[in-house]
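Written out below as structure tokens is the structure these notes cover.
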Amino acid sequence: MKRGETMSKYPALFSPVKIGSMEVKNRIAMMPMGVFSPRLMGPNGAYTKDGADYYIERAKGGTGLIITGLLPVAWLPKGHGPGDQGEGFYKYIEQQKYLADGIHKYGSKVIVQITALSGRSSMHHTDPAPSELPNVWDPTHNNREMTAAEIKDYIEMFANAALANKMAGIDGVEVHAVHEGYLLDQFTMENTNHRTDEYGGSLENRLRFPTEIVQAIKAKCGSDFPVTVRYSVKSYMKGFNRGALPGEKFTEFGRDYEESIVVANMLAEAGYDALNCDNGSYDSWYWPHPPVYMPKACNLEDVKFLRKHVSIPVICAGKFDDPALADREIAEGGIDMMGMGRPLLADPYMADKFMAGEESDIRPCIGCHNGCLSRIFQMKDISCAVNPACGRELTYGIGKADKVKKVLVVGGGIGGMEAARVCALRGHSVDLYEKTGRLGGQFIPASAFDYKEDDRRLLTWYEKQVKDTGVNVHLNSYADKDLIKASGYDEIFVATGAVEKKLATPGFDQKNVTYTIDTLMNGNVDGENILIVGGGLTGIEIACDLGKKGKRVTVVEATDTILNSFGLSAANYNMLMEMIDYYKVNVMKSTVVTKYENGVADLVTTVKNYPNINNRAKLMFAAGPGGMPVPSQVKADHVIVSVGYVSDNSLYEEVRADNVHLIGDAVKPENVMKAVWDAYDAARMI
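Quick note: the sequence shown uses UniProt numbering, first residue 1, plus one each step.
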């Protein structure tokens with residue numbers, strides 16, 4: 001089946017659906033993600049041309065409904081009256097028309113998400129919350145209680161923003177959010193709303209703010225103007241700044257099933273036309289922003305439960321990129337639409353590829369958050385670790401080269417495959433030499449965890465792209481300096497990656513001491529008491545995986561912090577920290593192994609502030625400038641060493657020249673995003 005044909009093996013997924021008065025051509029919706037860097041969104045909240053083109057590209061790729069990232073309603077200039085809204089108001093409208101027209105060109109619909117403040121989820125504890133509450137990011141400070149006058153102002157700002165978007169040709173708005181623990185969500189929940197006025201107390205009062213918002217929008221824009229609401233079915237909160245893991249038994253601190261049914265129906269009765277659903281809060285941030293560790297379609301069962309109790313359409317989001325599953329659930333009435341966020345960053349043409357049965361050509365999201373969520377919080381352009389063109393679709397693509405060149409890529413890891421792929425798409429003749437019998441490099445062991453199925457999908461995608469683009473792959477072949485000098489290549493990419501750091505610790509030469517790659521590839525971890533040396537990302541992932549399997553795990557980390565991985569998102573970090581606690585992994589920071597003998601590791605912990613150390617111990621050990629060394633021992637049937645990598649750039653140093661490009665881990669071991677972006681940046685200019 002060719003892309004663009006109307007028939008599909010997913011008939012339910014590609015059937016139309018109505019949200020209020022709006023008909024969407026298929027059941028695929030792009031989920032809202034923050035797009036408010038200065039290059040993509042102007043100071044008035046309207047999208048720049050680059051920002052609009054980012055969304056238009058997803059409509060071009062077949063997505064039926066585009067829901068934009070949040071627009072703070074306070075940013076948009078206020079109208080002054082029915083006939084005189086003001087210059088700024090009309091400037092916003094004029095700018096937003098480009099977005100509306102561009103998406104409509106491809107037969108898709110667009111909804112702009114509009115938002116109030118974040119309450120206790122704000123990065124600034126000076127922002128108001130429903131009540132005085134501990135700030136998520138700095139619990140030592142409380143956010144102040146929002147005044148009733150401020151609430152009324154925001155209701156009017158929501159209506160103003162909705163009207164401006166309607167006048168710009170936008171098809172509807174989404175109110176953000178009775179979801180994720182943002183301000184409106186905090187108003188709805190008893191444990192975060194302690195008000196005694198008309199906006200607190202009873203459930204009806206706690207819902208008054210989002211209820212009055214939709215009523216004000218409908219009054220200003222007409223009852224037939226579609227308004228959806230971002231909605232968390234369950235909060236998965238164990239308390240402030242504590243989230244629950246999938247399958248964990250806990251007492252819900254936020255919104256539970258029973259209350260969720262009532263809340264959803266009250267919102268529908270108030271005038272909302274659809275529920276855009278997932279789960280979680282900032283206290284359980286890995287539910288609305290599921291990392292690689294979360295199961296696929298992690299919110300589906302909860303959304304299906306809610307769908308049984310409401311009469312308006314529901315959209316389900318959260319690691320949901322399986323068209324067969326979506327088609328079945330839609331056909332059976334479990335949900336009404338499939339929501340995707342990050343997958344559409346990795347591949348904006350997913351919908352068309354679903355339609356054409358080209359799933360093997362879809363570049364998968366790997367749940368790393370490095371290119372999207374982490375960059376958003378750094379106030380950078382939203383993008384994607386595996387798709388560097390995301391967010392700059394019309395300016396950073398891959399065009400044909402003016403002159404065909406002979407290109408050599410040394411190393412078949414992620415960086416090497418990306419360089420080979422891009423050069424081949426540019427029209428060059430490409431040879432790729434890989435010294436082992438398989439493409440993938442260090443990403444092969446990195447993808448060995450059960451939950452890293454998307455990493456394995458990415459490897460498969462790269463193997464197919466390299467083949468489809470005509471790259472000449474030489475496996476079990478080593479490209480040395482003699483081959484390079486004799487072959488006359490115009491351009492050479494050295495993607496030789498990195499090698500594991502080794503420790504000279506006495507006893508680490510035993511068979512039951514393994515390093516990361518060997519451990520992940522062979523799974524040879526015997527015994528019940530496991531010691532992991534190194535508290536970086538991989539070490540902690542291994543620790544949690546073994547803890548889940550019932551092992552007693554201790555992690556020792558030489559520095560005073562763990563998970564020191566560049567670009568690691570708070571969602572990924574928070575879930576790993578909860579997993580450490582849940583699987584009872586013992587973490588010892590500022591600790592090194594001095595010897596391993598007879599199944600026992602000798603440790604030394606540097607204690608700086610002497611917590612829980614008695615006076616006698618303080619006298620026994622002389623505390624230098626760095627603190628007091630405290631010895632201890634831990635039983636270890638198996639030791640896993642995970643202390644990072646060092647670049648392997650020896651070949652580059654031998655052949656260094658103007659036409660030789662060092663990329664990826666061979667420059668500096670970091671993450672997938674660096675490997676892909678380095679390769680893409682260099683190869684697209686060849």
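In this text, a Cβ means the ideal position worked out from N, Cα and C, and glycines have one as well.
Check	Outcome
Counting only runs that start and end within the segment 159-209, where is the beta strand (DSSP E) found for 3 or more residues in a row?	172-178
Leaving out the 5 sequence neighbours to the left and right, which residues in its chain are closer than 7 Å to V585 when beta-carbon positions are compared?	A543, C544, G547, V553 and V555
In chain order, which continuous runs of the beta strand (DSSP E) of length 3 or greater are located wholly inside the segment 510-589?	513-515, 529-533, 552-557 and 586-589
Quick one: residues in its chain with C-beta nearer than 8 Å to the C-beta of R307, no 5 flanking neighbours on either side, listed in chain order?	V314, G333, G334, I335 and D336
From which residue to which residue does the alpha helix (DSSP H) around Q95 run?	E87 to H104
Could you tell me which whole alpha helix (DSSP H) segments of length 4 or greater appear in the segment 465-518?	481-487
Kindly indicate which three-state DSSP category R342 falls into: helix, strand or coil?	helix
For A244, which option in A168, Y680 and M575 has the closest C-alpha, if you only look at C-alpha atoms?	M575
Here's the rule I'm using: 16 or more other beta-carbon atoms within 10 Å means buried, otherwise exposed. How should A324 be labelled?	exposed
Considering residue 700, what are the terminal residues of the alpha helix (DSSP H) in which it resides?	Residue coverage of the chain in this structure runs from 1 to 686, which leaves residue 700 outside it and unanswerable.
Buried or exposed for H141, please, with buried defined as at least 16 other CB atoms from any protein chain shown within 10 angstroms of its CB.	exposed
When you compare only the Cα positions, how much space is there between E156 and T251?	37 Å
Excluding sequence positions up to five away, which residues of its chain have a Cβ less than 8 Å from the Cβ of S118?	D127, Y182 and L183
Checking the sheet assignment: what are the DSSP bridge partners for H638?	I530
Evaluate M338 with the Cβ neighbour count: other Cβ atoms within 10 Å of its Cβ, from every protein chain shown; 16 or more gives buried, anything less gives exposed.	buried
Can you find the residues in the same chain that come closer than 6 Å, C-beta to C-beta, to D526, ignoring five residues on each side of it along the sequence?	H638
Touching or not, the segment 586-602 and the segment 399-406, by the rule of three or more beta carbon pairs under 8 Å?	no
Can you tell me whether G567 is buried or exposed, with buried defined as 16 or more other CB within 10 angstroms of its CB?	buried
Quick one: Cα of I532 to Cα of L394, how far?	46 Å
Can you tell which of G371, E248, D171 and G470 has its C-alpha closest to the C-alpha of R426?	G470
Can you tell which of R195, D171, E87 and L76 has the C-alpha that lies nearest to the C-alpha of A129?	R195
How is the alpha helix (DSSP H) around Y596 delimited, first residue to last?	Not the alpha helix (DSSP H): Y596 falls in the beta strand (DSSP E), residues T591 to E597.
Would you call the CB atoms of V112 and T68 closer than 8 Å?	yes
To which residues of the same chain is A59 closer than 6 Å at the C-beta, ignoring the five residues directly before and after it?	I66, I103, Y106 and S108
Does DSSP classify E453 as helix, strand or coil?	helix
I'd like the span of the alpha helix (DSSP H) that includes G239, first residue to last.	Element bounds for G239: not the alpha helix (DSSP H) but the beta strand (DSSP E), M237 to G239.
So G51 and I376 are in contact, right, with Cβ under 8 Å, and what is the actual spacing, rounded?	With a Cβ gap of about 13 Å, G51 and I376 do not count as contacting.
So, using beta-carbon positions, are D352 and G61 closer together than 8 Å?	yes
Once you ignore the five residues that flank P506 on each side, which residues in its own chain have a CB closer than 6 Å to its CB?	K595
What is the DSSP secondary structure of R230, reduced to helix, strand or coil?	strand
Which word fits A617, buried or exposed, when buried means at least 16 other C-beta atoms lie within 10 angstroms of its C-beta?	Confidence at A617 is low in this model, with a pLDDT of 42, below 50, so the placement of that residue is unreliable and no value is reported for it.
Excluding the five sequence neighbours on either side, which residues of its own chain have a C-beta within less than 8 Å of the C-beta of K668, listed in chain order?	S647 and K674
Short of 8 Å in beta carbon distance, which residues of its chain neighbour A446, apart from the five on each side in sequence? Order them along the chain.	K452, D455, L520 and T538
Give the straight-line distance between the Cα atoms of Q510 and C298, rounded to the nearest whole angstrom.	41 Å
Could you tell me which of R457, E259 and I213 sits nearest to residue 739, measuring between CA atoms?	Outside the displayed span of the chain (1 to 686) sits residue 739, for which this structure offers no information.
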